[in-house]
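**Q** Which chain is which? The protein sequence lines are A and B, in order. Letter 152 of the first sequence, counting from 1, is numbered 152 in my numbering, and no numbers are missing. Letter 11 of the second sequence, counting from 1, is numbered 1011 in my numbering, and no numbers are missing. There's a structure below that I have some questions on.
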Amino acid sequence: MIKIEDLHKSFNGVPVLKGVSLEVEKGELLALIGRSGYGKSVLLKHVAGLLRPDRGRILVDDQDMCRLRGRDLLRVRNRLGFLFQSGALFDSMTIFDNVAFPLREKTKLSEQEIREKVIVDLEQVGLAGAEDKYPSQISGGMVKRASLARALVEEPEIMLIDEPTTGLDPLTGHTILNLIDTCHKRLGFSGIVVTHEVPKIFEIVNKVVMLHEGRVIFAGTPEEILSSQDEAVQTFVAAGSEWLTHDAACYPPMLERRKKNIHAL
Amino acid sequence: MRETKFSAKEEHLEFVSKIGKGAVRQILKMGRMGIFLAKSVSCCASPPIKVPLILKQIQFIGYQSLLVIFLTGAFTGMVLGYQGFNTLSRFGSDAFLGPMVGLALIKEMGPVISALMVTGRAGSSITAEIGIMRISEQIDALQLMGLNPYRYLVAPNFIAALISVPLLTAIFDVVGIFGGYLIGVKLLGVSSGVYFGEMMSYVEMEDVLEGLFKSLNFGLIIAWVCCFKGYYTGYYTGFGAEGVSTATTQAVVLSSVLILVWDYFLTSTQLFV
Chain A
1 MIKIEDLHKS
11 FNGVPVLKGV
21 SLEVEKGELL
31 ALIGRSGYGK
41 SVLLKHVAGL
51 LRPDRGRILV
61 DDQDMCRLRG
71 RDLLRVRNRL
81 GFLFQSGALF
91 DSMTIFDNVA
101 FPLREKTKLS
111 EQEIREKVIV
121 DLEQVGLAGA
131 EDKYPSQISG
141 GMVKRASLAR
151 ALVEEPEIML
161 IDEPTTGLDP
171 LTGHTILNLI
181 DTCHKRLGFS
191 GIVVTHEVPK
201 IFEIVNKVVM
211 LHEGRVIFAG
221 TPEEILSSQD
231 EAVQTFVAAG
241 SEWLTHDAAC
251 YPPMLERRKK
261 NIHAL
Chain B
1001 MRETKFSAKE
1011 EHLEFVSKIG
1021 KGAVRQILKM
1031 GRMGIFLAKS
1041 VSCCASPPIK
1051 VPLILKQIQF
1061 IGYQSLLVIF
1071 LTGAFTGMVL
1081 GYQGFNTLSR
1091 FGSDAFLGPM
1101 VGLALIKEMG
1111 PVISALMVTG
1121 RAGSSITAEI
1131 GIMRISEQID
1141 ALQLMGLNPY
1151 RYLVAPNFIA
1161 ALISVPLLTA
1171 IFDVVGIFGG
1181 YLIGVKLLGV
1191 SSGVYFGEMM
1201 SYVEMEDVLE
1211 GLFKSLNFGL
1221 IIAWVCCFKG
1231 YYTGYYTGFG
1241 AEGVSTATTQ
1251 AVVLSSVLIL
1261 VWDYFLTSTQ
1271 LFV
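Here is the structure:
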């Protein structure tokens, strides 16, 4: 569904992405991990068409995002949902109006139908009762949940999620990841999640790609990354894990949780 | 010796290169402003038009600027009354105070001062609002919803400015004329009938239309520059709060200068065509 081929990007002569290639199949959720400043969010913005690469291709259902303009680009974006790191809620609108906005502007649903759908969506992300609040009146975790509700309100086929847990306490971060997992199972979207939430993210994704100094140094399943012998991979994963060992046998509790539906901590 | 000559030549080339790069950057910026204007006008002229947003901006740019227009119009007219009487009475022509105040306000001071007031009050606010939306990725969010940010952020401001600025100019003119009346007639003793009678003899519809045309141009400049600066916050300014602050300052300064420069060209065209 999403295919990135040999992507290169520099800013002011400084190379950020140095030939990144990866693939996301239909219905698959991919975790994009790596140290800060190594181009993960930049890569995500390329897939959304917000940035254009210096070299390489980004194919979304065989359509080259780099060549799309105008209505063609809008058509692809209509199938996309994007969760920004900051939330990017419209700060002059209430939470309800934020989530209802795409439905009001792009669908022919009546106000009553929109109201019913938005209330249900807000309940599913745990924001029942917060509809009339403004983004500045709610916590960081609530902003992320409202942004997730807005991104999912049109039931997109592709979700791009940029650091959904950054700046949140561990408990709230895990709640957000569980929400993403629940929504993924319910809606079946394909997606890329940029995150530092290692190893929790391995419980909910199908594939993991690790960027290091602008290049992909690992692409595989969560089980494979936990038993990877690459030093950079081991250092990164161990830094986020309570186990300082590269023996995959030490992660059974985590791998077991991958097989179950998790809805609450 | 040869090495020194070669280094000096390189330094000269480096200097010329910097001038060239700076010139190219400015031309690229002007080109981007031109494309921005074209896209904005195209969104204003094609559906869907966001009428509620336009009405909201008319309320913000027009209605909320009334007080400042009243005050500046009144005092501008009063100063014109004083200075006009002082100057004309030296030539025994104080009877022409009415046309002098009327023509000065309708053709020149009304459009220019109104536009400058709107720039400072509403233009800066428009730049700041759109700039904050840019740095907080709200504009990116609009784009990624498959919506055109120009229709929501730029076109309503363009249409609202084109409607509001001429109306505010008209109010400025009327209030200014009565300010001149207050000083000229009530304070300095010019006959009321002479003040308005001579004004009606010398102020023609052509003069009113010239002032109106100027105010339309200035409304376009205010919307164009202020929306552009806000929309491209971060591209030509720093990021964050400082970037928004810089963009706002640049918007007000550039709008004000363009209004005065364009006023010169319009005036010279109107007087000699």
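Glycine included, each C-beta is placed from N, C-alpha and C at the ideal position.
Buried or exposed, going by whether 16 or more other CB atoms sit within 10 Å of the CB of residue 243 of chain A?
**A** In the first sequence, counting from the first residue as 1, residue 243 of chain A sits at position 243. Reliability fails at residue 243 of chain A, whose pLDDT of 45 lies under 50, so the model's placement of it is uncertain and no value is given.
**Q** Quick check on residue 86 of chain A - is its C-beta less than 8 Å from some C-beta in chain B?
**A** For the purposes of this step, residue 86 of chain A is identified with residue 86 of the first sequence, where counting begins at 1. Chain B contact via Cβ: present.
**Q** I'd like to know if residue 1138 of chain B contacts chain A, where contact means its C-beta is closer than 8 Å to some C-beta of that chain.
**A** As a first step, residue 1138 of chain B is located in the second sequence; it is residue number 138 there, counting from the start. Judged by the 8 Å Cβ criterion, residue 1138 of chain B is in contact with chain A.
**Q** By how many angstroms is the C-alpha of residue 233 of chain A removed from the C-alpha of residue 225 of chain A?
**A** Within the first sequence, residue 225 of chain A is the residue found at index 225, counting from 1. Within the first sequence, residue 233 of chain A is the residue found at index 233, counting from 1. Residue 225 of chain A and residue 233 of chain A: Cα-Cα distance of roughly 7 Å.
**Q** Could you run through the stretch 105 to 128 of chain A and flag, in chain order, every residue whose CB is less than 8 Å away from some CB of chain B?
**A** Taking 8 Å as the Cβ-Cβ cut-off against chain B, the residues of the stretch 105 to 128 of chain A that qualify are 105 and 106.
**Q** Determine contact between the stretch 1144 to 1152 of chain B and the stretch 1243 to 1255 of chain B, defined as no fewer than three beta-carbon pairs at a distance below 8 Å.
**A** Result no; under three Cβ-Cβ pairs closer than 8 Å.
**Q** May I ask you to list, following chain order, the residues of the stretch 1143 to 1160 of chain B that have a beta carbon less than 9 Å from some beta carbon of chain A?
**A** Cβ contacts with chain A come from 1143, 1144, 1145, 1146, 1147, 1148 and 1152.
**Q** Hey, how far is the Cα of residue 1147 of chain B from the Cα of residue 101 of chain A?
**A** Counting from 1 along the second sequence, the entry for residue 1147 of chain B is found at position 147. Counting from 1 along the first sequence, the entry for residue 101 of chain A is found at position 101. So the alpha carbons of these two residues sit roughly 11 Å apart.
**Q** Just verifying my parser: in three-state terms, what is the DSSP assignment at residue 63 of chain A?
**A** Here residue 63 of chain A refers to the residue found at position 63 when the first sequence is read from its first residue. Three-state result, residue 63 of chain A: strand.
**Q** Out of A:84, A:159, A:39 and A:218, point me to the one whose CA is closest to residue 78 of chain A's CA.
**A** Counting from one through the first sequence, the residue named residue 78 of chain A turns up at place 78. When each option's Cα is compared against that of residue 78 of chain A, the closest is A:159.
**Q** For residue 244 of chain A, which of helix, strand or coil comes out of DSSP?
**A** By 1-based counting over the first sequence, the position of residue 244 of chain A is 244. The predicted position of residue 244 of chain A is uncertain, since its pLDDT is 41 and thus under 50; a value taken from the coordinates is nonetheless stated next. Three-state result, residue 244 of chain A: coil.
**Q** Going by other Cβ atoms of all chains shown within 10 Å of its Cβ, with 16 needed for buried, is residue 1205 of chain B buried or exposed?
**A** Taking the second sequence and counting its residues from 1, one reaches residue 1205 of chain B at position 205. Residue 1205 of chain B should be labelled exposed.
**Q** Could you name each continuous alpha helix (DSSP H) segment of 4 residues or more that falls completely within the stretch 1041 to 1122 of chain B, going from the start of the chain to the end?
**A** Fully enclosed alpha helix (DSSP H) runs of 4 or longer: 1051 to 1061, 1066 to 1088, 1097 to 1103 and 1110 to 1118.
**Q** Alpha helix (DSSP H) containing residue 101 of chain A: first to last residue?
**A** To locate residue 101 of chain A, count along the first sequence from 1; it is residue 101. It spans 95 to 106 - the alpha helix (DSSP H) in which residue 101 of chain A sits, taken as one unbroken run.
**Q** For chain A, is any of its Cβ atoms less than 8 Å away from the one on residue 1241 of chain B?
**A** Residue mapping note: residue 1241 of chain B aligns to position 241 of the second sequence, counting from 1. No - not a single Cβ of chain A is within 8 Å of the one on residue 1241 of chain B.
**Q** Step through the CB atoms of chain B and report whether any lies within less than 8 Å of the CB of residue 243 of chain A.
**A** Counting from one through the first sequence, the residue named residue 243 of chain A turns up at place 243. Here residue 243 of chain A scores only 45 on pLDDT, less than 50, and its place in the model should not be relied on; the value that follows carries that caveat. Chain B contact via Cβ: absent.
**Q** Which first and last residues belong to the beta strand (DSSP E) in which residue 10 of chain A is found?
**A** As a working note, residue 10 of chain A is residue 10 in the first sequence. Segment 2 to 11, the beta strand (DSSP E) holding residue 10 of chain A.
**Q** What residue range is occupied by the uninterrupted beta strand (DSSP E) comprising residue 133 of chain A?
**A** Counted from its first residue, the first sequence places residue 133 of chain A at position 133. Neither: residue 133 of chain A is in no beta strand (DSSP E) and is coded neither H nor E.
**Q** On the criterion of 16 or more Cβ atoms from any shown chain inside 10 Å, does residue 1134 of chain B qualify as buried, or is it exposed?
**A** Locating residue 1134 of chain B in the second sequence gives position 134, where the first residue counts as 1. Under this definition residue 1134 of chain B is a buried residue.
**Q** One question on the structure: do residue 1099 of chain B and residue 1198 of chain B come within less than 8 Å of each other, judged by their Cβ atoms?
**A** Along the second sequence, one-based indexing puts residue 1099 of chain B at 99. Along the second sequence, one-based indexing puts residue 1198 of chain B at 198. Going by C-beta atoms, residue 1099 of chain B is nearer than 8 Å to residue 1198 of chain B.
**Q** Quick check: the Cα distance between residue 136 of chain A and residue 38 of chain A, rounded to an integer number of angstroms?
**A** Residue numbering aside, residue 136 of chain A sits at position 136 when the first sequence is read from its first letter. Residue numbering aside, residue 38 of chain A sits at position 38 when the first sequence is read from its first letter. Looking at the two C-alpha atoms, the distance is approximately 30 Å.
**Q** Step through the CB atoms of chain A and report whether any lies within less than 8 Å of the CB of residue 1045 of chain B.
**A** Translated into positions along the second sequence, residue 1045 of chain B becomes position 45. Chain A, which has no Cβ nearer than 8 Å to the Cβ of residue 1045 of chain B, makes this no.
**Q** Report yes if the C-beta of residue 1036 of chain B is less than 7 Å from at least one heavy atom of the ligand FMN; otherwise report no.
**A** No copy of the ligand FMN occurs in the structure displayed, which carries no ligand at all.
**Q** Given a limit of 9 Å on CB to CB distance, which residues of the stretch 11 to 27 of chain A reach chain B?
**A** Under the 9 Å Cβ criterion, the stretch 11 to 27 of chain A contributes no residue.
**Q** Is there contact between the stretch 1079 to 1099 of chain B and the stretch 1208 to 1218 of chain B, where contact requires at least three CB pairs shorter than 8 Å?
**A** Contact fails: fewer than three Cβ-Cβ distances are below 8 Å.
**Q** Give a yes or no on contact between the stretch 87 to 96 of chain A and the stretch 165 to 183 of chain A, applying the rule of three or more CB pairs nearer than 8 Å.
**A** As far as the Cβ criterion goes, the stretch 87 to 96 of chain A does not touch the stretch 165 to 183 of chain A, which means the pair count is below three.
**Q** Is it the case that the Cβ atoms of residue 944 of chain B and residue 1183 of chain B are separated by a distance below 8 Å?
**A** Nothing can be reported for residue 944 of chain B: it is not among the residues displayed for chain B, which extend from 1001 to 1273.
**Q** Quick one: what does DSSP say residue 1154 of chain B is sitting in, helix, strand or coil?
**A** On the second sequence, position 154 is the one that residue 1154 of chain B refers to. Helix.
**Q** Got a sec: is the Cβ-Cβ distance from residue 1141 of chain B to anything in chain A below 8 Å?
**A** Stepping through the second sequence from its first residue, residue 1141 of chain B is reached at position 141. So, interface residue.
**Q** With 16 as the cutoff for other CB atoms within 10 Å, does residue 52 of chain A come out buried or exposed?
**A** Position 52 of the first sequence, counted from the start, is the residue given in the question as residue 52 of chain A. Result: exposed.
**Q** Give me the subset of the stretch 65 to 89 of chain A whose CB atoms are less than 9 Å from a CB atom of chain B, sorted by chain position.
**A** Within the stretch 65 to 89 of chain A, the qualifying residues are 73, 74, 75, 76, 77, 78, 79, 80, 81, 82, 84, 85, 86, 87, 88 and 89.
**Q** Report yes or no: do the stretch 1160 to 1167 of chain B and the stretch 1218 to 1231 of chain B share at least 3 C-beta pairs separated by less than 8 Å?
**A** The stretch 1160 to 1167 of chain B is in contact with the stretch 1218 to 1231 of chain B.
**Q** If we ignore side chains and look at the alpha-carbon of each, how far apart do residue 1036 of chain B and residue 21 of chain A end up?
**A** The residue labelled residue 1036 of chain B in the question sits at position 36 within the second sequence. The residue labelled residue 21 of chain A in the question sits at position 21 within the first sequence. Rounded to whole angstroms, residue 1036 of chain B to residue 21 of chain A spans 34 Å at the Cα level.
**Q** Around the Cβ of residue 150 of chain A, are there at least 16 other Cβ atoms within 10 angstroms (buried) or fewer (exposed)?
**A** Start at 1 with the first residue of the first sequence, and residue 150 of chain A comes out as number 150. With 16 or more Cβ atoms within 10 Å of its Cβ, residue 150 of chain A is classed as buried.
**Q** If you drop the 5 nearest sequence neighbours on each side, which residues of the same chain put their C-beta closer than 6 Å to that of residue 55 of chain A?
**A** Position 55 of the first sequence, counted from the first residue, corresponds to residue 55 of chain A. Excluding sequence neighbours, residue 55 of chain A sits near 8.
**Q** What alpha helix (DSSP H) runs, 4 residues minimum, are completely inside the stretch 1196 to 1224 of chain B?
**A** Within the stretch 1196 to 1224 of chain B, no complete alpha helix (DSSP H) run reaches 4 residues.
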